[in-house]
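Engineer:
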Amino acid sequence: MKKAFMIMQIGNPELDDMYESIYRSIAQECRLKIFRVDKDNEGDMIKKTIDKYIEDAEIIIADLTNERPSCYHEVG
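So the sequence shown is numbered by numbering that gives the first Met the number 0: it starts at 0 and just counts up by one.
1. Unbroken alpha helix (DSSP H) runs of length 4 or more, entirely within the segment 36-62: which are they?
2. I need the DSSP call for Ile21, collapsed to helix, strand or coil.
3. Nearest by alpha-carbon distance to Lys47: which of Val36, Lys32 and Glu57 is it?
4. Taking C-beta to C-beta, are Tyr22 and Phe34 nearer than 8 angstroms?
5. Return the first residue and the last residue of the beta strand (DSSP E) that Met5 is part of.
Right, here's the structure in full:
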């Protein structure tokens, strides 16, 4: 199973619903294990976790809704 990192705004209930109802189901259909920093952080500093997920991911999925500067930074 390939690893995918989801870059998106966190703390937005509408986008959280979209993640749960759309992105996760598509990832499952494509046999991807999808990670999101606010859902899968094991207590590390968020920046460190983001760097690790980006480095380990074979696929990056970015939702740039609401033009969050941090999301643009993570995309590179």
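Where is the CB? At the ideal position from N, CA and C, for every residue including glycine.
Structural biologist: From the atom records:
1. Runs of the alpha helix (DSSP H) inside the segment 36-62: 36-39 and 45-55.
2. Within the sequence shown, residue 21 is the residue found at index 22, counting from 1. Three-state DSSP puts Ile21 in a helix.
3. For the purposes of this step, residue 47 is taken as residue 48 along the sequence shown, with counting starting at 1. The option with the nearest alpha carbon to Lys47 is Val36.
4. As a first step, residue 22 is located in the sequence shown; it is residue number 23 there, counting from the start. As a first step, residue 34 is located in the sequence shown; it is residue number 35 there, counting from the start. No, Cβ-Cβ distance for Tyr22 and Phe34 is not below 8 angstroms.
5. The count along the sequence shown starts at 1 and reaches residue 5 at position 6. Following the DSSP letters along the chain, one finds Met5 inside the beta strand (DSSP E) bounded by residues Lys1 to Ile6.
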